[in-house]
Amino acid sequence: MEGTGNPQGGAYYGNAHHGQDMNFRGFYEQGSTGAMQHGDVAHDGYGGQAGMDVASYGHDEQRAADNMEKARAAALKTLPAVLAKYIRAQNKPVTEEELIEEVQKVYKELRKPDGTKYTGNLERAVRGSLCSTGMFEKLEDGTWTLKEDQMQIYEQRLVARAAKVEEEKSKKRKARDEAGMEEGGERSRRYSRKSSTPGIRSKRQHKKEAIIEMVCSFQENLRTQPNWSACFQNPFKSFRG
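The opening residue of the sequence shown carries number 1 in the UniProt record's numbering; numbering runs sequentially from there.
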């Protein structure tokens with residue numbers, strides 16, 4: 001097989017456009033230095049296998065492109081991305097209170113780079129993003145602005161991390177699909193799930209109630225006997241102090 005070019009599509013972070021774009025600049029800029037050219041891959045005795053290899057390569061290439069697109073979309077849903085989007089839209093330094101008020105509108109919809117939700121305090125999360133990402137700068141009057149030189153570096157790191165998460169998810173899905181195909185086209189459940197019907201649940205509930213009733217009856221019968229009455233008394237009742 002002979003090929004030229006980068007199947008990933010080149011540098012997707014470069015040539016950041018200027019202007020008040022509401023999205024992270026550079027996230028949707030995709031360049032390409034060429035496409036993979038397939039030569040004569042079929043030869044005696046291996047034509048069928050070569051065809052499968054070419055199809056598998058095309059499928060993997062498409063999966064990588066899909067993962068990168070999902071990574072860019074996931075990066076735009078992070079808290080730092082929303083903060084950068086708002087500051088860029090205002091085209092001026094903004095206060096921390098303004099940022100908190102803006103984030104509060106979409107806080108439940110935001111996700112961390114690993115896909116999990118933000119569950120902590122909103123104000124603390126905003127303050128942490130402003131101070132830890134390195135792409136925001138606090139001015140003397142307490143307002144915040146973007147550091148253009150550090151913003152692209154953080155964007156690249158954020159997209160790369162999100163792409164890694166998507167790639168790991170894709171590998172797990174592929175492994176599950178392959179395991180299902182080997183077992184006759186049906187996916188095997190990792191954990192066995194016991195079937196439960198309303199009738200079974202009803203029997204269990206009746207059994208539980210019968211046990212509770214029996215224990216309560218034993219308790220009432222033993223309470224009247226002198227030998228067992230001490231078991232139901234408070235041992236600290238006579239203590240003073």
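From the three backbone atoms N, C-alpha and C, an ideal C-beta is built for every residue, glycine too.
Contact between the stretch 81-95 and the stretch 127-138: three or more CB pairs below 8 Å? At 8 Å Cβ cutoff, the stretches touch.
Looking at the unbroken alpha helix (DSSP H) that takes in Leu-99, where does it start and where does it end? According to the DSSP assignment, Leu-99 belongs to the alpha helix (DSSP H) that extends over 96-104.
Within the continuous beta strand (DSSP E) that includes Leu-146, where are the two ends? Start and end: 144-146.
With a threshold of 16 other CB atoms inside 10 Å of the CB of Arg-88, please say whether the residue is buried or exposed. Counting Cβ neighbours within 10 Å, Arg-88 comes out buried, since at least 16 surround it.
Does Lys-77 come out as helix, strand or coil in the three-state DSSP assignment? In the structure shown, Lys-77 sits in coil (DSSP, three-state: anything other than H, G, I, E or B).
Whole angstroms are fine: how far does the CA of Ala-175 sit from the CA of Asp-141? Whole-angstrom Cα-Cα distance: 54 Å.
Which word fits Arg-124, buried or exposed, when buried means at least 16 other C-beta atoms lie within 10 angstroms of its C-beta? With fewer than 16 Cβ atoms within 10 Å of its Cβ, Arg-124 is classed as exposed.
Comparing alpha-carbon positions, which option in Leu-122, Asp-114 and Ser-217 lies nearest Ala-162? Cα-wise, what sits closest to Ala-162 is Asp-114.
Measuring straight from C-alpha to C-alpha, what distance separates Tyr-13 and Leu-76? Residue placement at Tyr-13 is poorly supported in this model, since its pLDDT is 36, which falls under 50; the coordinates still yield a value, given next. If you take the alpha carbons of Tyr-13 and Leu-76, they lie about 14 Å apart.
Using 10 angstroms around the beta-carbon of Thr-78, count the other beta-carbons present and answer buried if the total reaches 16, otherwise exposed. The residue in question, Thr-78, is buried, as its Cβ has 16 or more Cβ neighbours within 10 Å.
Report yes or no: do the stretch 204-217 and the stretch 96-114 share at least 3 C-beta pairs separated by less than 8 Å? Contact between the stretch 204-217 and the stretch 96-114 is absent, because fewer than three Cβ pairs lie under 8 Å.
What do you get for Gln-49, buried or exposed, if any count of 16 or more other CB atoms within 10 angstroms of its CB means buried? Because the pLDDT of Gln-49 is 46, which lies under 50, any placement of that residue in the model is unreliable, and the question is left without a value.
Run of the alpha helix (DSSP H) containing Gly-123, from where it starts to where it stops: It should be noted that the sequence gives Glu, not Gly, for residue 123. For Glu-123, the enclosing alpha helix (DSSP H) stretches over residues 122-132.
Beta-ladder partner(s) of Arg-111, from DSSP: DSSP lists Lys-117 as partners of Arg-111.
Can you give the beta carbon distance from Thr-95 to Thr-143, rounded, assuming they're within the 8 Å contact cut? Their Cβ separation, rounded to whole angstroms, is 5 Å, which keeps Thr-95 and Thr-143 in contact under 8 Å.
Name the DSSP bridge partner or partners of Lys-70? For Lys-70, DSSP records no beta bridge to any residue.
Which residue comes first and which comes last in the beta strand (DSSP E) that contains Glu-140? Where Glu-140 is concerned, there is no enclosing beta strand (DSSP E), given that its DSSP letter is neither H nor E.
Under 9 Å between the Cβ atoms of Val-165 and Arg-72? The Cβ-Cβ distance between Val-165 and Arg-72 does not fall below 9 Å.
Just to confirm, are Leu-122 and Ile-100 a CB contact at a threshold of 9 Å? Going by C-beta atoms, Leu-122 is nearer than 9 Å to Ile-100.
Below 9 Å between beta carbons: does that hold for Val-103 and Val-126? For Val-103 and Val-126, yes; Cβs fall inside 9 Å.
From Pro-226 to Ser-217, what does the alpha carbon distance come to, in whole angstroms? Linking Pro-226 to Ser-217 through their CA atoms gives a straight-line distance of about 17 Å.
Contacting residues, own chain, Cβ-Cβ under 6 Å from Lys-92 (five flanking each side not counted): Counting only Cβ-Cβ distances below 6 Å, and skipping sequence neighbours, we find nothing.
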